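When you number the sequence shown by our numbering, it's gap-free, plus one each residue, and the end is 903.
For reference, the structure is listed below as structure tokens.
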Amino acid sequence: MNPINLDEIAKTLADGIRESLCSNQPRLFTQLLHLIAQGKLVSPEKIATALRISRDEITAALGLMPSVEFDQEGNIIGSGLTLTPTPHHFHVGDHKLFTWCALDTLIFPVILKQSARVESLCPVSEVEVKLIVTPDGVKDLEPASAVVSIVIPKASEACCDVRGAFCNQVHFFRSSEEASTWLTGHPGAIILTVDEAYQMGRILIDHLFKDEENE
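Have a look at this one:
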């Protein structure tokens with residue numbers, strides 16, 4: 689068996705999802721995360737003010753991010769981190785939020801610089817995987833045997849539907865046995881330990897948001 693190259697996985701994944709997630713404007717994505725983490729919907733005006741750009745510029749940028757969730761009034765309710773219930777529960781501060789996929793729960797505490805309590809349902813056993821994710825690592829993982837699935841979407845697929853091409857196939861599993869069962873229907877996926885997925889996620893952040901580091 690060839691050793692897992694986390695840097696290669698992260699770089700390839702970044703190339704596949706960058707356009708859909710941040711439309712070449714990483715500040716927009718990270719600012720949305722910080723605002724949604726406050727547990728409230730985000731108006732376009734609020735994000736424009738936070739980024740010190742015009743409403744027209746925000747409208748244009750959001751138009752390049754097709755997976756962003758809006759309510760009927762045009763407010764943003766989800767972009768990776770969401771107010772809409774999903775199988776991935778993400779408790780940060782006093783707010784009960786959700787994420788689009790298992791990997792989100794591992795990388796958002798790094799971006800937010802806040803610890804989060806995570807609960808996510810294994811899609812095979814329906815056993816809940818629980819953990820605490822901090823900006824520095826993972827702790828209190830239950831069960832300790834839990835693993836994470838990762839897929840590498842093509843950029844041409846992810847740019848139109850990052851949730852369908854990537855997020856909906858990235859899960860926590862109770863153990864590698866359950867993951868192997870799931871892999872029979874998803875032969876292109878990769879299974880990582882939770883610690884490996886966390887470390888890969890940190891590298892992914894560097895690839896996606898390296899222009900943000902000094903801002």
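Note that CB positions come from ideal geometry on N, CA and C, so glycine has one too.
Remember, it's a predicted structure, so these values are computed and weren't measured experimentally.
**Report entry** For His783, the three-state DSSP class (helix, strand or coil)
**Finding:** strand
Query raised in the report: How big is the Cα-Cα spacing for Ile891 and Val826?
Result: 15 Å
**Report entry** Which residues DSSP lists as bridging Ala804, in chain order
**Finding:** Val821
**Report entry** N-terminal and C-terminal residue of the beta strand (DSSP E) that Val930 is part of
**Finding:** Outside the displayed span of the chain (689 to 903) sits residue 930, for which this structure offers no information.
Report task. Report yes or no: do three or more beta-carbon pairs, one from the stretch 775-783 and one from the stretch 800-813, lie closer than 8 Å? Result -> yes
Requested in this report: From the DSSP output, in three-state form, read off Glu757 for me.
Outcome: strand
Requested in this report: For Leu880, write down the residues that DSSP places opposite it in a beta bridge.
Outcome: Val836
Query raised in the report: Over what stretch of residues does the beta strand (DSSP E) that includes Ser767 continue unbroken?
Result: 764-767
Query raised in the report: Are there 16 or more other CB atoms within 10 angstroms of the CB of Gln857, so buried, or fewer, so exposed?
Result: buried
Report task. Drop a sphere of 10 angstroms on the beta-carbon of Glu866, count the other beta-carbons inside from all chains shown, and report buried for 16 or more, exposed for fewer. Result -> buried
Report task. With Ala853 as the anchor, note down where its alpha helix (DSSP H) starts and where it stops. Result -> 850-853
**Report entry** Cβ-Cβ separation, Leu701 to Ile840 (assumed contact under 8 Å), whole Å
**Finding:** 6 Å
Query raised in the report: Can you give the beta carbon distance from Ile795 to Ile893, rounded, assuming they're within the 8 Å contact cut?
Result: 6 Å
Query raised in the report: Under the rule that 16 or more other beta-carbon atoms within 10 Å means buried, what is Gly751, buried or exposed?
Result: exposed
Query raised in the report: Looking at the structure shown, is Leu829 part of a helix, part of a strand, or coil, going by DSSP?
Result: strand
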